[in-house]
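Asker: Sharing a structure with you now.
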Amino acid sequence: MISKVRKAVFPAAGLGTRFLPATKAQAKEMLSLVDKPLIQYGVEEAMHSGVQNIIIVTGRGKSSIEDHFDVSFELEQLLESKGKQDLLSMVRGISDMIDIAYVRQKEALGLGHAVLRAREVVGHEPFAVVLSDDIIESEIPCIRQLLDVYDFYGASVLALMEVPRDQISAYGVVDAELMADKGFQNRLFRIRNMVEKPRAEDAPSNLAIIGRYILIPEIFEAIESIQPGSGGEIQLTDALKYMLRNRPIYGLKFEGKRFDAGDKLGYLKATVELALKRHDLGPPFAEYLRTVLACGARES
Ligand code: UTP
């Protein structure tokens, strides 16, 4: 029988160097997209996918993540005394959202190392991994899409995305074979090999691994068995490659749009697109953008 995926691990102990200076004293995962921190988008995605327990891997300077999902008595009292019921229920909704456990990664030794830190809390069961700087807009939550594959094959599943060749060296890249499984409409692959951050000319395909995974617990032994790789870090991609020797791994080209909000330009794009989709902010924001663009065109 295939075990149910009940837990999701959120590695959030990275240093966020691509977003300096904003991330010097602030957690990248707490940067706000429109009015919600990045990590809350991921937590809501997990919840809407039916995953009950969240495990956040934090590091130094990340206590605001815990505060965000905790109860804020003073704020609640103030909102209550002022009769601001809408805001009160929004604030309460965040702390009531879901069951969250925290583990610590004392040193940012890599994504694989961060996942390994969650081993005791995860136990011997399959789990999801969510990198919260990847924001995914989709009709069906991306984790749910991966779980549908997991529920069928009972194996690890990675979210894949086509990336232009000139950008491929920023990603883990797969060598994969398209599965003739009609249920997933030519989007399901069986992975043959993978490589972390290859040079464009060495990349085995244009299919990159992005920040959503369903993993079987054997990944923990694989992480323990590997040596530091690209950038001197314990890479999750290397552990997956190790596990591939005796376990199948699938990749799903998910349906939806992904923003790399851990990168400055990606963050700006996500901010604009999510703001434009908001019922309250979208119309006046679109009007504002039109005037800005018109001014720009006149000046140039
Ligand atoms: P990134 O590759 O985005 O690294 O990590 P980073 O350190 O956060 O950011 P840059 O590249 O320096 O700007 C992907 C995810 O893995 C987590 C990060 O917090 C992020 O969510 N991570 C990375 C850890 O938890 N620990 C690590 O040692 C490395």
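Going by the working numbering, the sequence shown opens with residue 8, and the numbers climb by one from there. Note that CB positions come from ideal geometry on N, CA and C, so glycine has one too. Here the structure is a predicted model, which is why all the values come from computation and not from measurement.
Looking at the unbroken alpha helix (DSSP H) that takes in D267, where does it start and where does it end?
Answerer: Position 260 of the sequence shown, counted from the start, is the residue given in the question as residue 267. Premise fails: D267 lies in the beta strand (DSSP E), K264 to D267, not in any alpha helix (DSSP H).
Asker: For T24, is the beta carbon positioned less than 6 Å from some heavy atom of ligand 1?
Answerer: Taking the sequence shown and counting its residues from 1, the one referred to as residue 24 is at position 17. Distances between the C-beta of T24 and the heavy atoms of ligand 1 include at least one below 6 Å.
Asker: Indicate, with yes or no, if ligand 1 has a heavy atom lying under 6 Å from the CB of A19.
Answerer: Taking the sequence shown and counting its residues from 1, one reaches residue 19 at position 12. Indeed, a heavy atom of ligand 1 lies less than 6 Å from the Cβ.
Asker: Confirm the yes/no value for this check: CB of A121, any heavy atom of ligand 1, distance under 6 Å.
Answerer: Position 114 of the sequence shown holds residue 121. At least one heavy atom of ligand 1 is nearer than 6 Å to the Cβ of A121, so yes.
Asker: Span of the alpha helix (DSSP H) holding I230?
Answerer: As a first step, residue 230 must be located in the sequence shown, where it is residue number 223. Its alpha helix (DSSP H) spans residues I226 to S232.
Asker: Could you tell me if M97 is buried or exposed, where buried requires 16 or more neighbouring beta carbons within 10 angstroms of its beta carbon?
Answerer: Residue 97 sits at position 90 when you count from the first residue of the sequence shown. Result: exposed.
Asker: For V12, does the three-state DSSP call read helix, strand or coil?
Answerer: As a first step, residue 12 is located in the sequence shown; it is residue number 5 there, counting from the start. Coil, per DSSP.
Asker: Smallest Cα separation from N200: which of V128, S163 and V180?
Answerer: Position 193 of the sequence shown, counted from the first residue, corresponds to residue 200. Comparing Cα-Cα distances from N200 to each of V128, S163 and V180, the minimum goes to V180.
Asker: Does R206 pass the burial test, meaning 16 or more other C-beta atoms within 10 Å, or should it be called exposed?
Answerer: Here residue 206 refers to the residue found at position 199 of the sequence shown. R206 should be labelled exposed.
Asker: Answer with buried or exposed for Q47, where buried requires no fewer than 16 other C-beta atoms within 10 angstroms of its C-beta.
Answerer: Reading the sequence shown from its first residue, position 40 is the one you call residue 47. Buried, because 16 or more other Cβ atoms sit within 10 Å of the Cβ of Q47.
Asker: Leaving out five residues before and five after F261 in sequence, what residues of the same chain have Cβ atoms less than 6 Å from its Cβ?
Answerer: Locating residue 261 in the sequence shown gives position 254, counting from the first residue. Cβ neighbours of F261 beyond the five flanking positions: C149, Q152 and A166.
Asker: My output table needs one value for G273: the three-state DSSP class, helix, strand or coil.
Answerer: For the purposes of this step, residue 273 is taken as the residue at position 266 of the sequence shown. It is helical.
Asker: By alpha-carbon positions, which one of Q112, F76, S237 and A135 ends up nearest to A19?
Answerer: Against the sequence shown, residue 19 aligns to sequence position 12. Cα-wise, what sits closest to A19 is Q112.
Asker: Output the boundary residues of the beta strand (DSSP E) element that contains K260.
Answerer: Start at 1 with the first residue of the sequence shown, and residue 260 comes out as number 253. I256 to K260 is the extent of the beta strand (DSSP E) around K260.
Asker: If we ignore side chains and look at the alpha-carbon of each, how far apart do Y295 and A215 end up?
Answerer: To locate residue 295, count along the sequence shown from 1; it is residue 288. To locate residue 215, count along the sequence shown from 1; it is residue 208. Cα to Cα, Y295 sits roughly 35 Å from A215.
Asker: Using a threshold of 7 Å, state whether the C-beta atoms of V156 and F17 are closer than that.
Answerer: Counting from 1 along the sequence shown, the entry for residue 156 is found at position 149. Counting from 1 along the sequence shown, the entry for residue 17 is found at position 10. The answer is no: Cβ separation not under 7 Å.
Asker: Which value, in whole angstroms, describes the spacing of the CA atoms of M54 and I221?
Answerer: The residue labelled residue 54 in the question sits at position 47 within the sequence shown. The residue labelled residue 221 in the question sits at position 214 within the sequence shown. Those two C-alpha atoms are separated by around 15 Å.
Asker: Assuming contact is defined by CB atoms lying nearer than 7 Å, are I62 and A115 in contact in what I supplied?
Answerer: Counting from 1 along the sequence shown, the entry for residue 62 is found at position 55. Counting from 1 along the sequence shown, the entry for residue 115 is found at position 108. Cβ atoms of I62 and A115: not closer than 7 Å.
Asker: Between L118 and Q33, how many whole angstroms is the CB-CB distance? I'm expecting something under 8 Å.
Answerer: Start at 1 with the first residue of the sequence shown, and residue 118 comes out as number 111. Start at 1 with the first residue of the sequence shown, and residue 33 comes out as number 26. Actually they do not touch by this definition, with Cβ atoms about 20 Å apart.
Asker: Since R25 and D270 should fall inside the 8 Å C-beta cutoff, what is the C-beta to C-beta distance between them, to a whole number of angstroms?
Answerer: Within the sequence shown, residue 25 is the residue found at index 18, counting from 1. Within the sequence shown, residue 270 is the residue found at index 263, counting from 1. At roughly 5 Å, the Cβ-Cβ gap stays under 8 Å, so R25 and D270 are in contact.
Asker: Under the criterion of a Cβ to heavy atom distance below 6 Å, does G273 qualify as lining ligand 1?
Answerer: Locating residue 273 in the sequence shown gives position 266, where the first residue counts as 1. The closest heavy atom of ligand 1 lies 6 Å or more from the beta carbon of G273.
Asker: Does the structure place the region 98 to 105 close enough to the region 74 to 81 that three or more beta carbon pairs sit under 8 Å?
Answerer: yes
Asker: Using only the heavy atoms of ligand 1, determine whether one of them is closer than 6 Å to the beta carbon of V64.
Answerer: Indexing the sequence shown from 1 puts residue 64 at position 57. V64 Cβ: within cutoff of ligand 1.
Asker: How would you label S88, buried or exposed, when you count the other beta carbons within 10 angstroms and need 16 or more for buried?
Answerer: Locating residue 88 in the sequence shown gives position 81, counting from the first residue. Exposed, since its Cβ has fewer than 16 Cβ neighbours within 10 Å.
Asker: When every heavy atom of ligand 1 is checked, does at least one fall within less than 6 Å of the C-beta of G310?
Answerer: Because the chain is modelled from 8 through 307, residue 310 falls outside the range shown and cannot be assessed.
Asker: Within the present structure, is the beta-carbon of A135 separated from the nearest heavy atom of ligand 1 by less than 6 Å?
Answerer: Within the sequence shown, residue 135 is the residue found at index 128, counting from 1. Outside the cutoff, so no.
Asker: Does the distance from the CB of L154 to the CB of V12 come in under 7 Å?
Answerer: Stepping through the sequence shown from its first residue, residue 154 is reached at position 147. Stepping through the sequence shown from its first residue, residue 12 is reached at position 5. In this structure, V12 lies closer than 7 Å to L154 by Cβ.
Asker: Alpha carbons only, please: which of V110, A293, P290 and L281 is nearest the one belonging to S39?
Answerer: By one-based count along the sequence shown, residue 39 stands at place 32. It is L281 whose Cα lies nearest to the Cα of S39.
Asker: Note down the Cα distance separating E36 from V299, rounded to an integer number of angstroms.
Answerer: Position 29 of the sequence shown, counting from 1, holds the residue named residue 36. Position 292 of the sequence shown, counting from 1, holds the residue named residue 299. For E36 and V299, the distance between alpha carbons rounds to 29 Å.
Asker: Taking 6 Å as the cut-off, is the C-beta of G117 nearer than that to any heavy atom in ligand 1?
Answerer: Looking up residue 117 in the sequence shown gives position 110. G117: yes, Cβ under 6 Å from ligand 1.
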